[in-house]
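In what follows, a structure is listed as structure tokens, so that the remarks can point back to it.
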Amino acid sequence: MAYKNIIIEKKDGIATIKINRPKVLNALNKETIIELTDAVLTLEKDKKINVVVVRGAGDKAFIAGADIKEMKDMNVLEAKEFSELGHNLLDKIRQSRLPFIAMINGYALGGGCELLMACDITLASKNAKLGQPEINLGISPGFCGTQCLPRLVGRAKAKEMMLTGDNINAEEAKRIGLINQVFEPEELEEKTYEIAKKIASKSPVQTNFIKSLVNKGADIDMHSACALEVSYFSSGFGTEDQKEGMTAFLEKRKANFKGK
Ligand code: COA
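Here the sequence shown stands for residues 165 to 424, where the numbers follow my numbering.
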């Protein structure tokens, strides 16, 4: 699929997906969501890729939400299809074998905040602003915000954010557990790729297992989740990466993981 709204770059096992609609602060229209979904599924099959960084073009925004211009005249059925399109994309990110890092260089609002919550690690610049301002437009969040936000930051803070529609700054987002780390704006890119490189050097089998166990475990009971952990942990011993990791430790050298 040829992309009009996103740009994909690949280097050193890291794929970057850049949402490229800076004139509308990278707002998500239908076409962009379809392209993003295609990119996630395509990268999933690329065995040379171990990590994905998602970012927005320009220096103002990650994603300023779903495209309000496109949404304004939607009818009920169209809104349902749009919401399902968004849910499907975020589900594909959560289900992906690949760790996703969201790099937040400015506004991450509405669908932007919902997209970062589907990612595995979120790194933001000090000037980032995050929030679910849908209520100010007379709607509620439609890409999993009402479900993901309370699970991440607790019901009290989630309701406060969604009912007031107020944005929070990066430090506050870190304090409440919505994002991982905050950097000076000029450091954000370098730090993001430093962390991406570190994760890309690990066993891809195990980055997949860890992501999958944490995500699946959050949706099932503790007993079943622990049984799943036993199963993943033990199957790791059938991989070359486990032998390589432990041999490298004992030989006092850096492990060279192959994802096998
Ligand atoms: N959908 C469509 N277009 C958007 C958009 C969105 N979610 N967010 C910003 N834009 C457009 C603006 O309409 C504007 O277009 P224009 O130049 O043709 O007028 C352009 O992006 C720049 O935005 P602007 O509002 O002028 O920038 P700002 O610095 O004054 O404010 C924000 C930035 C993010 C605070 C403001 O754009 C905003 O509140 N956006 C909507 C956020 C939102 O409600 N998201 C949830 C949607 S469900």
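Where a beta carbon is used, it is the ideal one built from N, C-alpha and C, also for glycine.
Predicted, not measured: the structure shown is a model, and the values here were computed from it.
- For Leu262 against Ile197, the beta-carbon gap comes to about 18 Å, at or over 8 Å, which does not count as contact.
- Closest option to Tyr167, judged by alpha-carbon separation, among Thr371, Thr201, Ala228, Ser365: Thr201.
- Secondary-structure assignment with DSSP links Asn333 through a beta bridge to Lys293.
- Residue nearest to Glu248 within the set Phe307, Ile181, Phe401, Val394 is Phe307 (criterion: CA-CA distance).
- Relative to ligand 1, the beta carbon of Ala228 is positioned inside 7 Å of a heavy atom.
- The C-beta of Lys293 has 16 or more other C-beta atoms within 10 Å across all chains shown, which makes the residue buried.
- Met267 and Lys416 have their C-alpha atoms some 34 Å from each other.
- Per the Cβ contact rule, the segment 170-189 is in contact with the segment 225-233 (3 or more Cβ pairs under 8 Å).
- Fewer than three Cβ pairs drawn from the segment 355-364 and the segment 271-280 lie within less than 8 Å of each other, which leaves the two stretches out of contact.
- Residue pairing by DSSP places Phe413 in no beta bridge whatsoever.
- If you look at Gly309, you'll find it in the alpha helix (DSSP H) that goes 309-317.
- DSSP places Lys338 within a helical segment (H, G or I) once states are collapsed to three.
- With respect to the 8 Å criterion, Phe421 and Glu408 are classified as neighbours on the basis of their beta carbons.
- Counting only the Cα atoms, Met326 lies some 21 Å from Asn193.
- When DSSP states are grouped into helix, strand and coil, Ala225 belongs to the strand group.
- When C-alpha distances from Gly177 are compared across Pro305, Glu208, Asp284, Met238, the shortest belongs to Glu208.
- It is roughly 11 Å from the alpha-carbon of Ala243 to the alpha-carbon of Gly250.
- Bounds of the alpha helix (DSSP H) holding Ile232 are 232-235.
- Taking each of Ala337, Phe401, Val240, Asp405 in turn and checking the Cα distance to Ser289, the smallest one comes out for Ala337.
- Looking at the backbone, the Cα of Gln296 and that of Gly400 are separated by about 39 Å.
- Partner residues in the beta bridge of Gln345, as assigned by DSSP, are Leu287.
- Looking at the DSSP output, Met267 bridges to Arg219, Leu287.
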